[in-house]
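In this note's numbering, the protein residues as written are 1 to 1109.
What follows is the structure, encoded as structure tokens:
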């Protein structure tokens, strides 16, 4: 027997007329004011135990004798459980131990813990006694006592338990009063509330629950306690308080066991308060939560519940009763309001519900059935109508339409039945939104009704129209009948409808065509007649009567299309503004006439008018850009005049005496559906005509004209379809037949010129198509134009574009071979202006630098753009340099330097190159000229305060130091002779010039040149001092004068030497600035000679001291 917790918050069902049981999760029952006798529960359990003991299984009456094996295997069983203490006994002994500990322990805190633990043990012991071992004992003893004795034993046990419960409640209260602030009181007060509830003290239990929720608002028992409060208030008919308590359950944590039942009971409370719309909304929440609990909507038979097949009785069993009862109450609530209107308002207000769309149809159906049970048939009809209008594209709307139809039939409302059937066809037919979105099963479900309803409706309308006299009313009647017949035929022709039809549809098709003709709906009549005439492919197998009907219908199509054209022309002539038809409409009618004429040609090729129709049809098709039709008409004409053979002909074709049969067969091939466009093209290569010019000359004048027309149209169509390969061949043939005429008219001359130009264009576009995938073939095609149509503009374009393709493919030599002749042949053509650049690029890629330079100089000579000319001039010079032609490179650079002072950086580089040329050729004066040009340009740039890059400063430094060295060298070569004043002045002049340039180097502040310039400056002063001392002495001085002269020279040389030392010292000090190179080192070396006392000191070292002082 399954044991349950006796102190859980239980409630007994006291209002079974209003509330049903709610499943196995939480037994929601409504308690009486003072509880129910626990004796009843005990007696029920005893009775059930008795039933189990007295009920025999199907095999219990058949005793079987034990076998020897059974006796051998049987062993005496030992009941080990009886040798151990029962759980109740262990609890009793543990309670005794804690009781003894309580009398011995002096510590108050320990005593408090013991008291709380003791009362907990007693609670568990009492629960075990009341609903555990006691019932087990009663059940075990029942077989040995009568029912009266068992009842008496249960009463005795319950009386003993009541005494223990009273004692336990008192102990709870004592502990709570003695220790009001202990943490354990939350659980203790919860146990007290349960104990009072079990004892039947509902008011006291409610007080404890309210107190517990006040003291511990976030208690772990919040959901359970509020649910119990709601039950108590509901039974006390305090419905607002019950609603408040149930709402607390919804906001509590861990409320899963009580949530659905709380929402359900709050709905009942609102219902009791007559707050019906609010109650309805709560019941919808019940449905949503039930479906949410069935997350994947899996029913008892494992079928997925969807909107199409949803029913609450398909849910898991533990939710079915609650859902069914909630539906019942909802229907009652809605019936007390505005019925279907209230339900519609409810559904619209609850659109945010995630599951409403799944089950909303069930609500309408339940309400309708509830109203029918109450014999409110009109209200039930309104309910179904409301849902049909509310969710008309749902399968349930279709199903409820049939239910509504049954209601109409039961009441004899035949007009309403007809109206509803028509609405059913409109709402769920092929053109409806429902049919578009319905799945196959839904379509199959409504299709039988659609067939039956539409057939009945169309025949009724046709019969009514036949009874009308001629006039507009009769025309309108047949229009309505034709529309209804169209609906039925569309349904009947569905593949899935074939098994549902009870009659063939041929009669209905003829009826439909006739109705449209009577209604003067010629277009639809034409479609119907054409379907009758040409729909049957296997005409040979048809009866003669049906073949005759088809032939008649085929002729009727030509009559009908001409009636349409006549009707249009008459309306235009009369200026009828009621039904105006535009010119585009007339063209559409003409196209339809052409199509029907094509069918006539295909089915009657021996008629002499077939060639005329085909020739005119080719012209119409070309104007309308119907190229498939044009090919078909043209092929027919060419076959009849033996320009080509039958498509896909075999070897015995030539044995036929008349090509008309071949034409018929070829046209039939062209009419095959689904053939590829290439397979429909005319096969000129499949012909026995080897010379089309001679063949054209052999044709009659009429035949030649027909061939000329269709061959030219066909060639033009291929060109417009971008079939350029086939167009080239077609233009060749068309030109041959055009040349077959003896005397060309001006119009024919014009056509010939146009076709030759289009021939060239076809070749050109072939090349365009091959450019990406096969550029070599594209080049070949482009070059071919000038051979085949040299007078065409495409020939020039083709040559030039061929060169461009070769350039893009980096086939430089081949490109040169095209560009050079083009340049020579068309020197004044606009394309020739770009050829030098292309040739320069090609020569550059081939590393033919001198030829590339020549082309660049051509660009310089002819290019108006200054910037482009400058770049070309510079690049040409560079290319001459690469080619090793130094002289042309020098001349080209010289032109650049004199012509383009800007940009400054490049101009300086060119000047430096020019100085380099003359340095190599050992022309110092020209070399120094360009150095001075560099410094002059630098000075001008600085004067204009323009930006100068580091490279330009380096170039200027090179120029300055080069000029300084040149003057320094001149300075060195001047010898000081007597008289000293003359030669010294010359030497000093050169020295000043050198110093000036060295000073410019210093001003440029380039680290690689400043130390050198400084060193050279110092050396010049040192050189001057030495040269003064070594100068030639006058020959006319005596010894004393010569001595004075020597002193004078020393005084003259001393400042120069001091200046040299000073400059060398400043240069050596750059080492302290982390600047040291060979020139700084040379200054140090020179200082050791000039000032040894300071710069040539020996290194001072110390002996190693090995002893510690």
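Cβ atoms here follow ideal geometry from the backbone N, Cα and C, with glycine treated the same way.
Owing to the predicted nature of the structure, the values given are computational and were not obtained by experimental measurement.
Looking at the structure shown, is residue 977 part of a helix, part of a strand, or coil, going by DSSP? Counting from 1 along the chain shown, the entry for residue 977 is found at position 977. The DSSP-derived three-state label of residue 977 is coil.
Can you list, in chain order, the stretches of the alpha helix (DSSP H) that have 4 or more residues and sit fully within the region 672-740? List check, alpha helix (DSSP H) in window: 692-698, 701-720 and 724-739.
From residue 853 to residue 829, what distance separates their C-alpha atoms? To locate residue 853, count along the chain shown from 1; it is residue 853. To locate residue 829, count along the chain shown from 1; it is residue 829. The alpha-carbon atoms of residue 853 and residue 829 are separated by roughly 23 Å.
Can you give the Cα-Cα distance for residue 750 and residue 550, rounded to whole angstroms? Here residue 750 is taken as the residue at index 750 of the chain shown, counted from 1. Here residue 550 is taken as the residue at index 550 of the chain shown, counted from 1. Between residue 750 and residue 550, the C-alpha separation is close to 47 Å.
Look at the alpha carbon of residue 301 and the alpha carbon of residue 326, and state the distance between them as a whole number of angstroms. As a working note, residue 301 is residue 301 in the chain shown. As a working note, residue 326 is residue 326 in the chain shown. Confidence at residue 301 is low in this model, with a pLDDT of 49, below 50, so the placement of that residue is unreliable and no value is reported for it.
Please report the residue range of the alpha helix (DSSP H) in which residue 532 lies. Within the chain shown, residue 532 is the residue found at index 532, counting from 1. It spans 522-534 - the alpha helix (DSSP H) in which residue 532 sits, taken as one unbroken run.
Tell me the rounded alpha-carbon separation between residue 631 and residue 593. By one-based count along the chain shown, residue 631 stands at place 631. By one-based count along the chain shown, residue 593 stands at place 593. Looking at the two C-alpha atoms, the distance is approximately 17 Å.
If we count Cβ pairs, one from each stretch, closer than 8 Å, do we get three or more for the region 624-642 versus the region 609-616? Short answer: they touch.
Residue 934 (DSSP reduced to helix, strand or coil): Position 934 of the chain shown holds residue 934. Secondary structure at residue 934: helix, using DSSP grouped into helix, strand and coil.
Give the secondary structure of residue 905 by DSSP, where H, G and I count as helix, E and B as strand, and everything else as coil. Against the chain shown, residue 905 aligns to sequence position 905. Under the three-state reduction of DSSP, residue 905 is assigned to helix.
Cβ of residue 707 within 8 Å of Cβ of residue 779? Counting from 1 along the chain shown, the entry for residue 707 is found at position 707. Counting from 1 along the chain shown, the entry for residue 779 is found at position 779. The beta carbons of residue 707 and residue 779 sit no closer together than 8 Å.
Grouping DSSP H, G and I as helix and E and B as strand, with all else coil, what is residue 808? On the chain shown, residue 808 is found 808 positions in, with the first residue counted as 1. If DSSP states are grouped into helix, strand and coil, residue 808 belongs with the helices.
Would you tell me roughly how many angstroms separate the C-alpha atoms of residue 889 and residue 793, rounded to the nearest one? Residue mapping note: residue 889 aligns to position 889 of the chain shown, counting from 1. Residue mapping note: residue 793 aligns to position 793 of the chain shown, counting from 1. Rounded to whole angstroms, residue 889 and residue 793 show a C-alpha spacing of 41 Å.
By alpha-carbon positions, which one of 533, 858 and 850 ends up nearest to residue 832? For this step, residue 832 is matched to residue 832 along the chain shown. Nearest option by C-alpha distance: 858.
Simplified DSSP state of residue 383, which is helix, strand or coil: Here the question's residue 383 lines up with position 383 in the chain shown. Here residue 383 sits in helix by DSSP.
How far does the alpha helix (DSSP H) with residue 1076 in it extend, from its first residue to its last? Against the chain shown, residue 1076 aligns to sequence position 1076. In the DSSP assignment, residue 1076 falls outside any alpha helix (DSSP H), carrying neither H nor E.
Specify, as a first and last residue, the run of the alpha helix (DSSP H) that residue 312 falls within. Translated into positions along the chain shown, residue 312 becomes position 312. Per DSSP, residue 312 lies in no alpha helix (DSSP H) and is assigned neither H nor E.
Just the Cα atoms here: how many angstroms apart are residue 689 and residue 740? Mapped onto the chain shown, residue 689 falls at position 689. Mapped onto the chain shown, residue 740 falls at position 740. Roughly 14 Å between the two C-alpha positions.
Which same chain residues end up closer than 7 Å to residue 525 when comparing Cβ atoms and leaving out the 5 residues on each side of it in sequence? The sequence position of residue 525 within the chain shown is 525, counting from 1. If we look at residue 525 and ignore the five residues flanking it on each side, its Cβ neighbours are 513, 516, 517 and 560.
Neighbourhood of residue 1114 by C-beta distance below 6 Å, restricted to the same chain and skipping five residues each side: As displayed, the chain neither begins before 1 nor continues past 1109, which places residue 1114 out of reach and without an answer.
Is the region 934-945 in contact with the region 972-991, if contact means three or more CB pairs nearer than 8 Å? Under the 8 Å Cβ criterion, the region 934-945 does not count as touching the region 972-991, having fewer than three qualifying pairs.
Under DSSP, the alpha helix (DSSP H) around residue 1198 begins and ends at which residues? This structure cannot settle anything about residue 1198, because the visible part of the chain is limited to 1 through 1109.
Please tell me whether residue 260 and residue 290 are closer than 8 Å, where the distance is taken between their beta carbons. Numbered from 1 along the chain shown, position 260 holds the residue referred to as residue 260. Numbered from 1 along the chain shown, position 290 holds the residue referred to as residue 290. Contact check for residue 260 against residue 290 passes: the beta carbons are separated by less than 8 Å.
Rounded to a whole number of angstroms, what is the C-alpha to C-alpha distance between residue 564 and residue 624? On the chain shown, residue 564 is found 564 positions in, with the first residue counted as 1. On the chain shown, residue 624 is found 624 positions in, with the first residue counted as 1. Looking at the backbone, the Cα of residue 564 and that of residue 624 are separated by about 19 Å.
Residue 249 (DSSP reduced to helix, strand or coil): On the chain shown, position 249 is the one that residue 249 refers to. In the three-state reduction of the DSSP assignment, residue 249 falls in the helix class.
So, do the region 995-1003 and the region 1033-1040 have three or more beta carbon pairs nearer to each other than 8 Å? Between the region 995-1003 and the region 1033-1040, the count of Cβ pairs shorter than 8 Å is below three; the stretches do not touch.
Would residue 877 and residue 900 qualify as a contact pair, given that the criterion is a beta-carbon distance under 8 Å? In the chain shown, residue 877 corresponds to position 877, counting from 1. In the chain shown, residue 900 corresponds to position 900, counting from 1. No Cβ-Cβ contact shorter than 8 Å links residue 877 with residue 900.
Measure the alpha-carbon distance for residue 430 versus residue 462 and round it to whole angstroms. As a working note, residue 430 is residue 430 in the chain shown. As a working note, residue 462 is residue 462 in the chain shown. If you draw a straight line from the Cα of residue 430 to the Cα of residue 462, it comes to about 21 Å.
What three-state label does DSSP hand residue 1011 in the structure shown? Counting from 1 along the chain shown, the entry for residue 1011 is found at position 1011. Helix.
Please state whether DSSP places residue 459 in a helix, a strand or coil. In the chain shown, residue 459 corresponds to position 459, counting from 1. Looking at residue 459 - three-state DSSP - the assignment turns out to be helix.
Please classify residue 207 as buried or exposed, where buried requires at least 16 other C-beta atoms within 10 Å of its C-beta. Position 207 of the chain shown, counted from the start, is the residue given in the question as residue 207. Exposed, because fewer than 16 other Cβ atoms sit within 10 Å of the Cβ of residue 207.
Does the region 950-965 come within contact of the region 899-916, defined as at least 3 CB pairs closer than 8 Å? Yes, they touch.
Cβ contact check for the region 756-774 and the region 707-725: 3 or more pairs under 8 Å: When C-beta atoms of the region 756-774 are compared with those of the region 707-725, three or more pairs fall below 8 Å, so the two segments count as touching.
Between the alpha carbons of residue 641 and residue 742, how many angstroms are there, rounded? Position 641 of the chain shown, counted from the start, is the residue given in the question as residue 641. Position 742 of the chain shown, counted from the start, is the residue given in the question as residue 742. The alpha-carbon atoms of residue 641 and residue 742 are separated by roughly 19 Å.
Under 7 Å Cβ to Cβ from residue 836, same chain only, skipping five residues before and after it: list those, please. On the chain shown, residue 836 is found 836 positions in, with the first residue counted as 1. Excluding sequence positions up to five before and after residue 836, its CB lies within less than 7 Å of the CB of 855, 858 and 859, all in the same chain and listed in chain order.
Give the secondary structure of residue 416 by DSSP, where H, G and I count as helix, E and B as strand, and everything else as coil. As a working mapping, residue 416 is identified with position 416 in the chain shown. Collapsing the DSSP output to three states places residue 416 in a helix.
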